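K.L.:
Residue numbers (this note's numbering): 12 to 927.
1) State buried or exposed for residue 623, treating a residue as buried only when at least 16 other CB atoms are found within 10 Å of its CB.
2) Nearest by alpha-carbon distance to residue 489: which of 717, 481, 113, 518 is it?
3) Going by the DSSP bridge assignment, what does residue 335 pair with across the sheet?
4) Where does residue 333 land, buried or exposed, given buried means 16+ other C-beta within 10 angstroms?
5) For residue 863, does the three-state DSSP call read helix, strand or coil?
6) Looking only at its own chain, which residues have a Cβ that is under 6 Å from the Cβ of residue 670, when we skip the five neighbours before and after it?
7) Using the Cβ count rule (16 or more neighbours within 10 Å means buried), how would you classify residue 379?
8) Can you say whether residue 412 is buried or exposed, counting buried as having 16 or more other CB atoms within 10 angstroms of its CB?
9) Could you spell out the range, first to last residue, of the beta strand (DSSP E) harbouring residue 99?
10) For residue 209, does the three-state DSSP call read helix, strand or coil?
11) From which residue to which residue does the beta strand (DSSP E) around residue 82 run?
12) Scan the region 655 to 737 and note each continuous beta strand (DSSP E) run of 3 residues or more that stays entirely inside, going in chain order.
13) Look up residue 272 in the DSSP assignment and say whether it is helix, strand or coil.
14) Using 8 Å as the Cβ pair cut-off and three pairs as the minimum, do the region 627 to 634 and the region 679 to 691 touch?
15) With H, G and I counted as helix, E and B as strand and the rest as coil, what does DSSP make of residue 569?
16) Can you list, in chain order, the residues of its chain whose CB lies under 6 Å from that of residue 452, leaving out five sequence neighbours each side?
17) Hey, quick one: how far does the beta strand (DSSP E) through residue 494 stretch, first residue to last?
18) Which of the three DSSP states is assigned to residue 582 in this structure?
19) What does residue 236 pair with, by DSSP beta-bridge criteria?
20) If you follow the beta strand (DSSP E) that residue 113 is part of, which residue opens it and which one closes it?
21) What are the complete beta strand (DSSP E) segments, minimum 3 residues, inside the region 584 to 653?
22) Alpha carbons only, please: which of 262, 213, 539 is nearest the one belonging to residue 509?
23) Roughly how many angstroms separate the alpha carbons of residue 311 and residue 217, rounded to a whole number?
24) Apart from the five residues on each side of it in sequence, which residues of its chain come closer than 7 Å, Cβ to Cβ, to residue 620?
25) Tell me which residues share the same chain as residue 129 and place their Cβ nearer than 6 Å to its Cβ, disregarding the 5 neighbours each side in the sequence.
26) If we count the other Cβ atoms within 10 Å of its Cβ and call it buried at 16 or more, is residue 513 buried or exposed?
27) I'd like to check one pair, residue 653 with residue 635: are the Cβ atoms closer than 8 Å?
28) Leaving out five residues on either side along the sequence, give the residues of the same chain with a beta carbon under 6 Å from the beta carbon of residue 553.
29) Taking the continuous beta strand (DSSP E) assigned at residue 319, which residues delimit it?
30) Is residue 69 helix, strand or coil when you go by DSSP?
31) Could you pull out every residue in the same chain whose Cβ sits closer than 6 Å to the Cβ of residue 260, ignoring the five residues on either side in sequence?
32) Curious, which full-length alpha helix (DSSP H) runs of at least 4 residues does the region 357 to 389 contain?
33) Would you report the Cα separation of residue 501 and residue 484, rounded to the nearest angstrom?
34) Are three or more beta carbon pairs between the region 69 to 82 and the region 370 to 379 nearer than 8 Å?
35) For residue 316 and residue 326, what's the separation of their Cα atoms in angstroms?
36) Please state whether the Cβ-Cβ distance between residue 477 and residue 447 is less than 8 Å.
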């Protein structure tokens, strides 16, 4: 018998729980499909005709929790016994993956929407949103349009052309996945406002204030249901938003979505109570206490409710009376609401394990301990999709357990978003990770957890950073070089040249002994006292723009005119100049050789062993211009080109191998152990085997990657449009490169006399210094009257004028297929009444092409250089721990002392001015 006992209107504080992250983009589902599944329970024992109608739906996963009732049920024939991996992709994916009959869709942490080939996982296209990408949620797709959150707005994008259809701004950041019905897009914000927007134009049809952050809304026949975090469920008329009834749970319902099936609405709270409410009037049909907070919300079939709780239990309850059918211990709390098919229930835990369990009795069918973080899952015929940094497509196979150690893939460990796009690669010390962005901010981050230690904000563009245990050194666009205290970011000193030039310092400085050496855009090279900021000496080249390089007791600088100059590091005396040819990139140096590439695509090795002159030891042709410094590691020198090739040469100029990065390389390679990493303009970082150049792994970044990896703390740090954390596969080994000159070009020995310009030492020093156990739950049949169909204020339908004209269509980044159509202009949709909300960001973007950092090797850190908003990519512990070992630390910095890094890298140099 149904209960009629009045429910309590009181709420009480709930335990803090991990934020429930909603899922990802859905695509390509016809409106009729959405209509068929909306609010229905989709039982397993449906008539053949009904089940045939569900066949198309089993090939797709249209939106978060599958349908607009948030049921989490699909008729898909998903793997429920043995499993195997079909493919995996490292694209910093987040939230619930979705499908149409052609593509798999997923969001990345920067807010982008990826369309992937269902069979191979290859990118078909990518659409970048305008929002801040804080926690992108699931998109829903209907009739070829993807609907998704975009910061403080809802965005509609045509999936065929990747053209923007419409975008409607809201009063706050979207707090959960959008829900799409036949004619409406339902959404809530963190400001507590629930919206019903026109699906065809984005016009606001109605809205109301729910008083707290809103979970994904649900639709059930003649009602729309909105649950806020405070524990209130609102039932509204789907057409005009009028209040139908309101129900208050006994505790908060933090991130728990309402679920609608048949004539019931289900909601769970943070005290562990599960409620079944009458869809029509809100009275409590039954309630049961599960002794621990409900996580995410239930999944439902015709007769069973599957409810996860924070104590790690999965409960199966009878939908009629709430009695328990079975329960199982998952070992840890679920991280999401479950999903269910005719054969199995699928659930992910906070230990990042995905389980398939029998729907009948909860027995384990298989488990997958995948290299993912905070996984979300969805299912289609023949496939279980798991997303959490890495995207893993699991298919039917012979295994009943998968282990993360068997994956040859990279995963995301953590991400951090800076205010802008980075203007330099990260610099790593024992204590912190430092980076700068084009918002004129320098950051100190916790290298293991991504938390911000401090930030330094200024009104000048910054380059660098270069860091040691005590200081962080930056070049600035206002013609100064700055030193910050590493501990707290306070300004130690600011150096400004004595002359009136005030030329900017567009490239990072380098360190040598007790000096910081920096070159301004006019070609003046300054030796600056690291402790006091006073000028020790000044030298000149014909023009500047790149970072210098350190080789033993000499500083090498290159100029756009094609001259490499050598200076005595202690005095600044110019020793010689050598013309290489065309405009050149930054150099790299060892004790006896300087390596540099030019824009004609030729790579040069200069013999500088004598100290007072240079001769060309060898040179060789490459496939394109060189725009960044090379890297020397052990007996190999690596150089990249704008043609997208990465070359490895031995020190005699014999080519060992050549690898393709898929796009222009504008940052020096990074080397650690037997891995060589390089960033590409095609928005990826690649790791190649140092011995033979074979690709070990690749990771899609959020923007063109113009930065170099840094290694340390069992982590590989890479600069992209954000700070991300990747966990590469455990196959890293210390290399023993073998020369394979069979595929080599023959280097050309070209001796050449050098000129010796006059040295210009300078002892002036007037910088501007600025110091500065539970029993089986029993359903409690309480007599609760109708769910307070009180006279709550009705929503005010918005009579908006017709004709929403969508804004300009962004140019999509496409990998395959998809031609951009003109921006759609709906003619019959009213204009939404929108309010610009807080939290909208720039949506990321390509790196600014800032200079490569000029850094030396210290025992405990290995910084690199470039530009982009930083991505912190965490490498597999067992792999990176093998990076250590190493004898002579090379020629960087103070002449190159030994350290924890395996090989000697020669830092200095950067992108030319026009790469900034």
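Note that CB positions come from ideal geometry on N, CA and C, so glycine has one too.
Note that the coordinates shown come from a computational prediction; the quantities given were computed from them, not determined experimentally.
P.N.:
Quick look at the numbers:
1) Result: exposed.
2) 518
3) According to DSSP, residue 335 bridges with 328.
4) buried
5) Only weak support exists for where residue 863 lies, its pLDDT of 32 falling under 50; the value from the coordinates is given anyway. Reduced to three states, the DSSP call for residue 863 is coil.
6) 657, 699, 704
7) buried
8) By the 10 Å Cβ count, residue 412 comes out exposed.
9) 94 to 110
10) Of the three classes helix, strand and coil, the one that applies to residue 209 here is strand, per DSSP.
11) No beta strand (DSSP E) holds residue 82; DSSP gives it neither H nor E.
12) 656 to 661, 666 to 671, 681 to 683, 686 to 691, 695 to 700, 706 to 711, 721 to 723, 726 to 730
13) Strand at residue 272.
14) no
15) strand
16) Closer than 6 Å at Cβ, skipping near neighbours: 430, 466, 468.
17) 492 to 496
18) coil
19) 229, 246
20) Unbroken run through residue 113: none, as it is neither H nor E.
21) Within the region 584 to 653, the complete beta strand (DSSP E) segments of 3 residues or longer fall at 585 to 590, 604 to 608, 613 to 618, 626 to 632, 642 to 644, 647 to 651, listed in chain order.
22) 539
23) If I take the Cα positions, the gap works out to 29 Å.
24) 603
25) So the list reads 115, once near-sequence residues are dropped.
26) exposed
27) yes
28) 534, 570, 572
29) 315 to 319
30) Correct three-state label for residue 69: helix.
31) Answer for residue 260: 242, 280, listed in chain order.
32) none
33) Distance between the alpha carbons of residue 501 and residue 484 is about 12 Å.
34) no
35) 8 Å
36) no
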